[in-house]
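One structure below.
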Amino acid sequence: SQKIEQNSEALNIQEGKTATLTCNYTNYSPAYLQWYRQDPGRGPVFLLLIRENEKEKRKERLKVTFDTTLKQSLFHITASQPADSATYLCALEMNTGFQKLVFGTGTRLLVSP
Amino acid sequence: DTGVSQNPRHKITKRGQNVTFRCDPISEHNRLYWYRQTLGQGPEFLTYFQNEAQLEKSRLLSDRFSAERPKGSFSTLEIQRTEQGDSAMYLCASTNGGGKYFGPGTRLTVT
Numbered sequence: 192s193q194k195i196e197q198n199s200e201a202l203n204i205q206e207g208k209t210a211t212l213t214c215n216y217t218n219y220s221p222a223y224l225q226w227y228r229q230d231p232g233r234g235p236v237f238l239l240l241i242r243e244n245e246k247e248k249r250k251e252r253l254k255v256t257f258d259t260t261l262k263q264s265l266f267h268i269t270a271s272q273p274a275d276s277a278t279y280l281c282a283l284e285m286n287t288g289f290q291k292l293v294f295g296t297g298t299r300l301l302v303s304p
Numbered sequence: 038d039t040g041v042s043q044n045p046r047h048k049i050t051k052r053g054q055n056v057t058f059r060c061d062p063i064s065e066h067n068r069l070y071w072y073r074q075t076l077g078q079g080p081e082f083l084t085y086f087q088n089e090a091q092l093e094k095s096r097l098l099s100d101r102f103s104a105e106r107p108k109g110s111f112s113t114l115e116i117q118r119t120e121q122g123d124s125a126m127y128l129c130a131s132t133n134g135g136g137k138y139f140g141p142g143t144r145l146t147v148t
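Residue numbers (my numbering), protein chains in the order written: chain A, 192 to 304; chain B, 38 to 148.
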């Protein structure tokens with residue numbers, strides 16, 4: 192069966208450390224992988240997109256890796272801040288022409304001062 | 038550009054009633070999506086419009102659900118004969134490619 196797995200347990204880290212979130216998928220062949228941030232009661236906010244032929248993408252303090260052999264993406268936030276506390280969603284985009292996203296359940300990140 | 042807007046933000050309705058939600062996408066975006074999200078889950082795809090054409094519908098979208106996007110601008114999502122299982126956050130997103138821009142969502146509670 193098709194699955195997208197993200198850590199269901201919250202990730203607690205101290206301010207200044209690097210947060211690493213994992214997204215694993217099974218029985219999908221995504222053309223792209225996207226990461227979103229979601230705060231309680233609000234819609235997801237787009238952060239980064241990485242293509243299947245890209246290994247790594249960076250944007251400011253964010254870094255995403257994409258390994259299509261392992262079927263895994265890692266999402267890193269360096270020098271984390273309490274304001275980074277949120278739920279982070281991994282989403283797969285299929286090469287169907289409709290750009291439909293299939294989301295994981297998200298991982299909650301808590302950054303303590 | 039004020040981003041994607043959705044109205045209402047909250048809706049409480051009794052089982053069996055009909056409800057309609059509106060989404061105003063970012064004006065230059067030709068692609069519009071509806072998703073549904075329940076607590077602790079990621080958003081689930083419901084339907085997709087390219088301009089005014091509805092090009093894909095999820096199997097989650099039962100006959101009680103209908104969506105329109107007249108003139109390729111705003112979109113509406115109607116749920117007829119609501120059931121308690123319809124309680125969720127309904128999210129609209131738009132894009133011209135790449136990342137999607139989501140609205141704040143409409144939270145539906147069916148009592």
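In this text, a Cβ means the ideal position worked out from N, Cα and C, and glycines have one as well.
Segments assigned beta strand (DSSP E), at least 3 residues, entirely inside the region 85 to 113 of chain B: 90 to 94, 102 to 105
B/Gln74 - containing beta strand (DSSP E), residue span: 68 to 74
Just mark B/Ile49 as buried or exposed, buried being the case when its beta carbon has 16 or more other beta carbons within 10 Å. exposed
With A/Thr256 and A/Glu247 assumed to form a contact (beta carbons below 8 Å), what rounded beta-carbon distance in angstroms separates them? 5 Å
Nearest candidate by alpha-carbon position, reference A/Thr278, set A/Lys250, A/Leu212, A/Gly207: A/Leu212
C-beta neighbour in chain A for B/Tyr127, strict 8 Å: no
When you compare only the Cα positions, how much space is there between B/Thr119 and A/Phe289? 28 Å
What does the Cβ neighbour count give for A/Pro235, buried or exposed, with the cut at 16 atoms within 10 Å? buried
What do you reckon, are the CB atoms on B/Phe139 and B/Asp61 nearer than 8 Å? no
Reducing DSSP to helix, strand and coil, say where A/Ala222 ends up. coil
If the cut is a Cβ gap below 9 Å, which residues of chain B does A/Lys291 touch? Tyr70, Phe82, Tyr85, Glu93, Ser95
If we define contact as Cβ-Cβ less than 8 Å, is B/Phe139 a contact residue for chain A? yes
Would you tell me roughly how many angstroms separate the C-alpha atoms of B/Leu145 and B/Lys51, rounded to the nearest one? 11 Å
Taking contact to mean at least 3 C-beta pairs separated by less than 8 Å, is the region 65 to 82 of chain B in contact with the region 259 to 275 of chain A? no
Just to confirm the assignment, what range does the beta strand (DSSP E) spanning A/Glu284 have? 277 to 284
Beta-carbon separation of B/Pro80 and B/Gln74 under 8 Å? yes
Please confirm whether B/Gln117 has its beta-carbon closer than 8 Å to some beta-carbon of chain A. no
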